[in-house]
Every structure is written in structure tokens, then in C-alpha cells.
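Comments concern the structure below.
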Amino acid sequence: MPTKIEKDALTGRHTTGHEWDGLQELNTPLPKWWLYTFIACCIFAVGYIALFPSIPYGRDYFHGWLQASSRTAVDADVKALEAQRAFSMDKIKYTPIAQVKDDPKLLAVATAAGRIAFANNCQPCHGAGGEGRVGYPSLADDTWLWGGTLADIQQTITYGIRSGNDRARNSVMPNFGAGGLLTPAQIEAVADFVWGAFYGHAAEGQDLSKGRAVFAENCAVCHGANGEGSRTVGAPPLKSAVHLYGDLRAAIVAQVTNPRMGVMPSWEKKTNITGLDEATIKSVAIYVHALGGGE
Amino acid sequence: MASMDKLRNAAAEEGKVSQPSLYASQVTVYPKAVHGPARAVKWGILVFCLTVYYLLPWLRWDRGPGRVSQAVLLDLPTRRFYLFGLELWPQDIWLLTGLLILSAVGLFLVTSLAGRVWCGYTCPQTVWTDLYMWIERLLEGDRNARMRRDQGPASLDKIWRKLAKHTLWFAVAFWTGGAFIMYFVDAPTLTVQFWTGEAATEAYVFIGLFTATTYLLAGWAREQVCTYMCPWPRFQASMLDEQSLIVTYQNWRGEPRGHRKIDAGKPANAGLGHCIDCLACVHACPTGIDIRDGVQLECINCGLCVDACNEMMVRTGQPKWLVTWDTLAGQKAKAQGTHEAFRFLRPRTLIYAGAMVVGITVMWAAMATRARLDLAVQHDRAPLFVQVRDGSIRNGYTLKISNKTQARAEFVLTMHGLAGGAMLLAEQPATPAPALVLPVDADGIGTFRLLVFGHPTPGSDGSQQFDFILRNATTGERTTYTSVFMGPRGG
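Chain order of the listed sequences is A and B.
Numbering-wise, our numbering puts 1074 at position 127 of the first sequence, and it's gapless, one number per residue.
Numbering-wise, our numbering puts 163 at position 160 of the second sequence, and it's gapless, one number per residue.
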């Protein structure tokens, strides 16, 4: 408690009575409204503490009477967004896919929904940008094993490939080597032919006629006489720079000897409980189509 | 608090420890109306500032069909600032920084030349306080009438006048808050929406907020804002020097002050200075100080005391300008009977003026030469590149073209440094071509996804730099963006 209040001779003002090593403090009064504002702020703070999350209890905390939480707010926002999108998604469901693409508003919704659904479901095999990898076709290039139109893509996603679904895209590459349809020598010859004539690695003056004959007799029915492939049976084009199972000659031998045949699940809700609804499938098809190679 | 003061006083009377309060009650200031040049200039500036503030949002500006038609509009949702013929994009926000720096330096310059004229004449706090005082005077009369009524008992006359004053104050506050919002949304639209209840919640909140602050600050807080809230009085001391023109009481001429007798020849008048100690300067002061105490923190340099004193000097037959604008150095010289000329050119003013000239030049040059065209390119990250059937490599890019002109334009995109490169827009069937024509709306940003086909240089590490060149087909303005084309290593 200050005791020695004096009048300062120089300024004619009172001191507060505080003294530190001979230094005294002049009394400069604070305006009263400032004090009242301070008190009002304190009262506001008490109310704020009561209404909002404020006091930590160790593991838990005081949630406040309003039970305010940014988590609940986010949930509400997400719900509101879903409700907002529900109308558009419904519209996408009942609109033919080509018309969805022509409607800028629906296209924007479909692209956004498709991107998310793609990242959640397709990315593990086909890659973040649809770039694919060995055995899993790239969706960003211009090669389509089963067709690259919007309708083709929608069908592939809905029913899958060799998925067991009744309407799945199905085909089998014969087991030429292990099944004994071709001798190892014939397999080497046909590999030479594909590697040389289609992959473009033919050595100068190399004789490919033996392999050509084997190809014409066994492979051309699906892969085409000129290696152009066939979409009706999902036979990959061989005269191409893009190769599903890699760019090595050994991969050709391996594929003819004991073929790998990729499987893609059916995404329709009816046969796949983790599947996607129709509007989402359409959205994914539109998104995939736009990755770079859509036809 | 009042009862505490009473207790303290009682204690003091009893000879116990007396402690002056640490808190000061607000002393109501009743400024008296004055007439004179300072008042006239102050009215002029007030009318000009308020007219501009209230009416500017209503000024229209033709920017073509379908475009914003408000002359001054700070359109935050679309991120455009419209200032008459000028249109600023978010990239131009540094101009605001420049403007603020220029304003600060300008304030320093003016203060070192002519004291706190900003505070006295143009500060919004001063302008609105003055307007509110005018309303107060209109309804409650001048200083004496107001003081008498405030001290008197509650009467019908007192109540209706107070009620009318606060209603008018509130109306002005509301118009002030409303006008502020109109700088951010189209004025006629907002006005209609406000009264039909269709305006955005934010509009109501901000109008309410600015109505409340105007009413409180100009009606109630007044000089308290200048004295206790504003930082400017605190650091103005470093801008002022003995060469700054400030409102000054000419001590050497006025002292010793004193009431004089009517007959000028009476011996009682002998030895008195020109100051008749009538307190006219004190009564006119909007911050309630006595200018005769010298330079002080509360003085806003408005010069109303000059007008008030001049009136009294004329009436008492003495020379005018006892309270005047002068420098401390000038006063010192005059007290000694010499003369010191006002010095415009001092290191301080030259440095401030130089900084302003440099700032204005740089900003003007930057404004005049700023690009009306901007190109931003983002290379796809996944996948970095794609090989297509015929063996060539394809890269994906997202282009953003900013068309800052006022007309829709076609932009010609070409590439430089990518041999044999060709491009097309994704999702638009076409044969890849070496050049594309891309239309972008007036004042718009066009986003395009571009697929570029090429063959990377053999033996390289797969990535190759090249330039996108974009040209506005109408104006011919060009810009270049250096990007990269990726391919397999050793491709």
C-alpha cells in the first residue's frame, strides 16, 4: 500500500506513492470509461468461458454450454454439401452420360465426384493420375483394351473384366505353352516375330517367316493379322509402343507360355457391396475419360 | 466511483492519508461555436469529405455490357478492385501497400510542415465529431444553453431535444455504416436488398457494426479517441520540430494576461499583455484544453481557438492573431524582437518529400507498364508423361490465362524449343497442331487443359525445357512461360 503521496514540484501533479530507489511515479489517471470497458471485457470473458470449450481437465475438457465443436461444424458442412449435391447426382443418374458431359454444371459436379471416387477406389491399381503400371493398363494414354468411349468406360466400371459378373467383359488367352498347344521352339519363333515386326526390334536380315506363320495360325484371330488387337475380346494391340506386360522380349515369351489375364472388379452395387452407385460410376467414367485418352 | 471520491475527500479532510484517484472521470466538453477562417476551412473540408464519402458509391462508370457499373467498388468475392478506369487484380495488391506507405510519408511531411492538420481537419474522427456537434448545436443550442440545460432538471423541453439529437445522430450513423458497405457491393442493389430483407447477413452485421461505432465514437467518445485511443498523438512528437507550423499562443505578446477596465487609460491596465483572459479559446476548443499552456498532446491543431481569439481581439480593439499559426523558432525570435522566416526546406521535409517523389514515380511506372496478360502453367504431376501408341510422348499441362483487358480476346499459343511438338486441348477431338487459339472473356481467367505431344531429345535425362508463347491476337501483347517436357530417361 503506497503511503507517501506527494505533490511533484516540477509538474504540479500527484505521485502514486510508489518509489523505487528514489524514483517516484507520477499519477496519470486512466479514464474511467477505460476501466469500465476492461470490466465489461472480463464479464464477456466469463460468459465466453461458460459457453465455449475452455478449461482442460487433463484427458477431457470442459465443452461449454453451447457444445460448440469444429468437428460437428465440419460434419454439418459435409452433410449440407451432400444435400446440395444430391440434386445434381440424381440428375446425373437419370441423364445419359454423353449429355452429362455436354452440361457444364453437371460436368463440373461429375468431375469433382469422379475425382474423389477414383482416388478412393481405382488409384491402388491404376495410379493417382491413371498412369497404370505393368499388368494394370494406363487410363491416361490412347490405348483402350475394351474401348475408350464414355459408354465403354461406364460399362467396364459397372460390370468389370473377368469379374464373375454375368455381364462382365470376358475373354481367355489360350494357355499355349503350359497347355502344350505350341512347342517351346514355336513360342521362341513367335516371340521373335512379335518383338521384331511389331515392337520394332528386328535385326538386320532376320528371318521372321517361321514366327509369322505361327502368329497367323494361332494369334491373329484375336490380335489381328497386323497386330492391331481386338476390342471385342479385349486383345491388346501388339503393334504399339504401349505394352500391358512390359517392353521386354521375355515378357512376350512368358505371356504366350502361361498367360496372365487381368481382373477388374465389377463396381455395381448389386454384385459388390463396396461398390458405387450409378451416378458415381458415371462420374468416374467421365473423370477417366478426361484423363487424357478418352475417345 | 463518485462515492469513493467522496470518501477520499472526507478522509483528506480528517487529515488522514489522502490519495488522488487513479481514474479520471470524463469531463464533458462543451465547445462554443466560432466564426472565422479556420472554421470556414473546416466546414469546407467537412462538406467535401462527407459528400465524397456518401455519394461516391452511387457514381456509375460504363465498363461495357454485363460488367460492373459502379465507379468505385472493392469486389471481394470476385477479387477485383474497381477504381474508375482502373481495375486491380489480386496480383496488384502490393499497390495497396505502396499507397499506405505513401499515405504515411505524406502524413509525416504535412505534420513536419504544418503540425497535426490531419487531426484537425481531415481525420474521420474529427469530421464526424464536427458533424455531430453541429447537430447537437442545432437542437440544444450553443455552449451556454447546453450547459444550463444539462445541469437543469429533466423537463419536457430537455427530453425532446435530447431524443431528437440522438435520433438524428443515429440516422447519420446508419447512413455512414450503410455507405461504407456500398463500397463493397453494388449500391443500388444493396439498397433494395437491404429493405426487402434479401441482403447478405454480413451486410446487416457490418452496417450494424459501423452504425454503432460511428454513433459511439462521434457522439460519445469524441476527444477521448484522440487523447486516449489514437497512437498518432503519441508519435507526432517525433515529426514536429521547432520549425513546424503549429497553433500557438503568442506568449510574449499576451502575458501578463488579465481582465482590463473599459477605459484603456486606467492605471489598472498598465503592464498587461494583450490576453484579456476571457477563456474564449478554451471554450472553443473541441478537446477542452487551454492553448495558452503551449504545445500539448491533446491539441489537434484545428485553429478554432485562433478564430475565437481573433473575435475578442477585434472587440477589444487590439491587433488580431494573438493565437496564431507559427513555429517555436519563430516565437522565440519574436519574443527577442527579431524575425525568423518559416523554413519550408529542411532535411526532414526534403527527405519526406524525396521519399514521396520516389514512391509516386515507382508506383506510377509500375501501374503504367503493368501487364494486361498473365500466363501460368502447371505441368501434370501424375503421370509426369504418357507414352502413346505411335511411340511419341505426351505431357499434360494446365494453363491459366488472365485476360486483364476490358474485351474478350483470342490468345494464340505457340511453343518454342520443343522440336516437332504439337498440342491439343483435352476432351476436344482434334489433330495435334503447333499453335492453338484460346478465347478468354474480358476481365477473366481462362483455364485450359493442354496435351502436348513430342519426342524428347535422345540421350537426355528425359526432361527438356521449352517456352510457351502466348499472344493476345487483338492487342499483340505477348508473354512467355518456360516449362518442361518430360519423357523416359535416355528417351
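By construction, the Cβ of each residue, glycine as well, lies at the ideal position given by its N, Cα and C atoms.
All of these numbers come straight from a predicted model, not from anything done at the bench.
The beta strand (DSSP E) spanning A:Ala1033 covers which residue range? That residue, A:Ala1033, is in no beta strand (DSSP E); its alpha helix (DSSP H) goes 1017 to 1041.
Here's the rule I'm using: 16 or more other beta-carbon atoms within 10 Å means buried, otherwise exposed. How should B:Cys308 be labelled? Classification for B:Cys308: buried.
Does the pairing of the segment 361 to 376 of chain B with the segment 283 to 296 of chain B give three or more beta-carbon distances under 8 angstroms? no
On the criterion of 16 or more Cβ atoms from any shown chain inside 10 Å, does B:Ala41 qualify as buried, or is it exposed? buried
With a threshold of 9 angstroms between beta carbons, is A:Asp1037 in contact with chain B? no
Nearest CA to the CA of B:Thr372: which residue from B:Gln467, B:Pro386, B:Gly357, B:Glu480? B:Glu480
How would you call B:Arg164, buried or exposed, if buried means at least 16 neighbouring beta carbons within 10 angstroms? buried
Cβ of A:Ala1064 within 9 angstroms of Cβ of A:Leu1223? yes
By DSSP, does B:Gly180 sit in helix, in strand, or in coil? Here DSSP, grouped into helix, strand and coil, assigns B:Gly180 to helix.
Apart from the five residues just before and just after B:Arg3, which ones in its own chain have a Cβ nearer than 6 angstroms to its Cβ? The structure shown does not extend to residue 3 of chain B, since chain B is modelled only from 4 through 494, so no value can be given for it.
Using only alpha-carbon positions, find the residue among B:Gln468, B:Thr192, B:Leu416, B:Arg146 that is nearest to B:Leu555. Given a span of 4 to 494 for chain B in the structure shown, any question on residue 555 of chain B remains unanswerable.
Should A:Met1208 go down as buried or exposed, given a rule of 16 or more other Cβ atoms within 10 Å for buried? It is exposed - the Cβ of A:Met1208 has fewer than 16 other Cβ atoms within 10 Å.
Please name the residue or residues paired with B:Met418 in a DSSP beta bridge. Answer is B:Phe471.
Looking at chain A, is there any beta carbon in it that lies within less than 9 angstroms of the beta carbon of B:Arg492? It does not: the Cβ of B:Arg492 has no partner Cβ on chain A nearer than 9 angstroms.
Nonlocal neighbours in the same chain, by C-beta distance under 8 angstroms from B:Gln93, ignoring five residues either side: For clarity, residue 93 of chain B is Pro in the given sequence; the question names Gln instead. Excluding positions up to five away in sequence, the list reads Arg82.
Bridge partners for A:Pro978 per DSSP, in chain order? In the DSSP secondary-structure assignment, A:Pro978 is bridged to B:Ala27.
What does the alpha-carbon distance come out to for the pair A:Ala1188 and B:Leu441? 31 angstroms
Starting from B:Lys403 and walking both ways along the beta strand (DSSP E), at which residues does that stretch end? 396 to 406
Distance between beta carbons of A:Gly1124 and A:Asn1205, contact taken as under 8 angstroms: 6 angstroms
Report the residue from B:Tyr33, B:Val50, B:Ala157, B:Thr204 whose alpha carbon sits nearest the alpha carbon of B:Met150. B:Tyr33
What's the C-alpha gap between B:Pro432 and A:Ala1226? Whole-angstrom Cα-Cα distance: 25 angstroms.
Since B:Lys202 contacts B:Leu193 with CB under 8 angstroms, what's their CB separation in whole angstroms? One detail in the question is off: residue 202 of chain B reads as Ala in this sequence, not Lys. So it is a contact: roughly 6 angstroms between Cβ atoms.
Starting from B:Met359, trace the alpha helix (DSSP H) both ways and give me its first and last residue. 350 to 372
Who are the near neighbours of B:Leu62 in its chain, counting only those whose CB is closer than 6 angstroms to its CB and skipping five residues on each side? Ala74
Please name the residues in the segment 209 to 240 of chain B whose beta-carbon is closer than 7 angstroms to at least one beta-carbon of chain A, in chain order. Gln227, Tyr231
Secondary structure at B:Val188, three-state DSSP: helix, strand or coil? coil
Is A:Ala1057 closer than 9 angstroms to A:Lys1229 when the C-beta atoms are compared? yes
Any C-beta of chain A sitting closer than 9 angstroms to the C-beta of B:Val32? no
Among A:Trp1012, A:Gly1061, A:Gln1101, nearest to A:Arg1032 - alpha-carbon criterion: Closest by C-alpha distance to A:Arg1032, out of A:Trp1012, A:Gly1061, A:Gln1101, is A:Gly1061.
Between the segment 960 to 988 of chain A and chain B, which residues of the former have CB atoms less than 8 angstroms from a CB of the latter, in chain order? Within the segment 960 to 988 of chain A, the residues whose Cβ lies closer than 8 angstroms to some Cβ of chain B are His961, Thr963, Gly964, Asn974, Pro976, Leu977, Pro978, Lys979, Trp980, Trp981, Leu982, listed in chain order.
Hey, how far is the Cα of B:Phe111 from the Cα of B:Phe345? Cα to Cα, B:Phe111 sits roughly 18 angstroms from B:Phe345.
Give me the chain B residues within the contact set of A:Thr1090, using Cβ-Cβ distance strictly less than 7 angstroms, ordered along the chain. Chain order gives the chain B residues near A:Thr1090 as Arg392, where near means a beta carbon separation below 7 angstroms.
For B:Ser405, does the count of other Cβ atoms within 10 angstroms reach 16, so buried, or fall short, so exposed? With at least 16 other beta carbons inside 10 angstroms of its own, B:Ser405 counts as buried.
For the segment 427 to 443 of chain B, enumerate the residues whose C-beta is nearer than 9 angstroms to any C-beta of chain A, in chain order. Ala429, Glu430, Pro432
Could you tell me if A:Thr1103 is buried or exposed, where buried requires 16 or more neighbouring beta carbons within 10 angstroms of its beta carbon? With 16 or more other Cβ atoms from the protein chains shown falling within 10 Å of its own Cβ, A:Thr1103 counts as buried.
Closest residue to B:Phe337 among B:Thr251, B:Ile303, B:Ile96 (Cα-Cα distance): A quick correction: the sequence has Lys, not Phe, at residue 337 of chain B. Looking at the Cα atoms, B:Thr251 is the closest of the given residues.
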